[in-house]
Amino acid sequence: MKVGLKLPSVTFHTRVRDEAVGGSNPFRWEDKTTEDYFAGKRVILFSLPGAFTPTCSTFQLPGFENGYDAFKDLGIDEIYCMAVNDSFVMNKWAEAQELKNVKVIPDGSGEFTRRMGMLVRKDNLGFGLRSWRYAAIVKDGVIEAWFEEPGLSDNHPEDPYGVSSPETVKEYLVEAAKAAAA
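Under the UniProt record's numbering, the first residue of the sequence shown carries the number 1, and numbering increases by one thereafter.
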């Protein structure tokens, strides 16, 4: 169980839009740390096997995107989607998904995912190293609640989905809010 653990401190190599760069690809490199993303905030972090994959693109990411306002009302400051993909891929996926609310975090080297104990082999799908699907509520860099799909293993023949769904995370937040109010 990861509840109560502090997130690993890593640096993510991101690409951010900067019109000052000019040209047809106005992006520049910007390193961001775990602390940049998580310090002083209560966030949802969900991680998935890869950008542009079916379950991730059809259910999980759109569910968090469309539920953003409800999550904000339940005390969430930000929602982050992470995958073991580089910043170029994550930015293109965010654009293709027309994201307005969820922010993507590229874990291109898989270092954060490895240090979370969630890096798995998906060679059976031709993916290589990827993240096992999970979600977490993180408060000031510490895991408050953990939602991990069952069966964590290399080359799993399926892609379980449900425990880390937006609906499950929202249900937890609703119950936590009721308990805090009681």
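In this text, a Cβ means the ideal position worked out from N, Cα and C, and glycines have one as well.
- Quick one: measure Cβ to Cβ for Tyr-80 and Lys-103, integer angstroms, because I've assumed they're closer than 8 angstroms. Counting from one through the sequence shown, the residue named residue 80 turns up at place 80. Counting from one through the sequence shown, the residue named residue 103 turns up at place 103. So it is a contact: roughly 5 angstroms between Cβ atoms.
- Query: Near Ile-143, which residues of its chain fall below 6 angstroms by C-beta distance, leaving aside the five closest residues on each side in sequence?
  - Reply: Translated into the one-based positions of the sequence shown, residue 143 becomes position 143. These residues qualify, in order along the chain: Lys-2, Val-3, Leu-5, Ala-136.
- Query: Where Leu-48 and Leu-129 are concerned, what is the direct C-alpha to C-alpha distance, given to the nearest angstrom?
  - Reply: In the sequence shown, residue 48 corresponds to position 48, counting from 1. In the sequence shown, residue 129 corresponds to position 129, counting from 1. When rounded, the distance between both Cα atoms is 12 angstroms.
- Item | Ile-76 and Phe-12 closer than 9 angstroms at C-beta | Here residue 76 is taken as the residue at index 76 of the sequence shown, counted from 1. Here residue 12 is taken as the residue at index 12 of the sequence shown, counted from 1. Ile-76 places its beta carbon 9 angstroms or farther from that of Phe-12.
- Query: Can you tell me whether Pro-150 is buried or exposed, with buried defined as 16 or more other CB within 10 angstroms of its CB?
  - Reply: In the sequence shown, counting from the first residue as 1, residue 150 sits at position 150. Residue burial is scored here from C-beta neighbours: Pro-150 has fewer than 16 other C-beta atoms within 10 angstroms and is therefore classed as exposed.
- Item | Straight-line Cα distance separating Val-43 from Asp-140 | Here residue 140 refers to the residue found at position 140 of the sequence shown. Here residue 43 refers to the residue found at position 43 of the sequence shown. It is roughly 8 angstroms from the alpha-carbon of Asp-140 to the alpha-carbon of Val-43.
- Going straight from the alpha carbon of residue 208 to that of Trp-146, what length do you get? The structure shown does not extend to residue 208, since the chain spans only 1 to 182, so no value can be given for it.
- Out of Leu-125, Leu-45, Lys-41, which has the shortest C-alpha to C-alpha gap to Asp-107? By 1-based counting over the sequence shown, the position of residue 107 is 107. Selected option, being the one with the closest Cα: Leu-45.
- Query: What number of angstroms, rounded off, separates the C-alpha of Pro-160 from the C-alpha of Lys-178?
  - Reply: Locating residue 160 in the sequence shown gives position 160, where the first residue counts as 1. Locating residue 178 in the sequence shown gives position 178, where the first residue counts as 1. Rounded to the nearest angstrom, the gap between the Cα atoms of Pro-160 and Lys-178 is 29 angstroms.
- Task: Name the one or two DSSP bridge partners that Ser-131 has.
- Result: What you label residue 131 is simply residue 131 of the sequence shown in a count that begins at 1. In the DSSP assignment, Ser-131 is bridged to Leu-119.
- Please report the residue range of the beta strand (DSSP E) in which Val-10 lies. The sequence position of residue 10 within the sequence shown is 10, counting from 1. Looking at the DSSP string, Val-10 is not in any beta strand (DSSP E), and its letter there is neither H nor E.
- Give the DSSP-derived three-state secondary structure of Glu-144 in the structure shown. If you number the sequence shown from 1, residue 144 lands on position 144. Three-state result, Glu-144: strand.
- For Asp-36 versus Arg-28, is the C-beta spacing smaller than 9 angstroms? In the sequence shown, counting from the first residue as 1, residue 36 sits at position 36. In the sequence shown, counting from the first residue as 1, residue 28 sits at position 28. Taking 9 angstroms as the cut-off, the Cβ atoms of Asp-36 and Arg-28 do not count as close.
- Item | Minimum C-alpha distance to Ala-51 - residue among Arg-133, Val-169, His-156 | For the purposes of this step, residue 51 is identified with residue 51 of the sequence shown, where counting begins at 1. When only C-alpha atoms are compared, the closest one is Arg-133.
- Closest Cα partner of Asp-31 within the set Ser-165, Asp-86, Ala-70, Phe-127: As a first step, residue 31 must be located in the sequence shown, where it is residue number 31. Residue nearest to Asp-31 within the set Ser-165, Asp-86, Ala-70, Phe-127 is Asp-86 (criterion: CA-CA distance).
- Query: Residue range of the alpha helix (DSSP H) that Phe-52 falls in?
  - Reply: Translated into the one-based positions of the sequence shown, residue 52 becomes position 52. Under the DSSP assignment, Phe-52 falls outside any alpha helix (DSSP H); it carries neither an H nor an E label.
- Query: Buried or exposed: where does Thr-113 fall if 16 or more other Cβ atoms within 10 Å of its Cβ makes it buried?
  - Reply: Position 113 of the sequence shown, counted from the start, is the residue given in the question as residue 113. With 16 or more Cβ atoms within 10 Å of its Cβ, Thr-113 is classed as buried.
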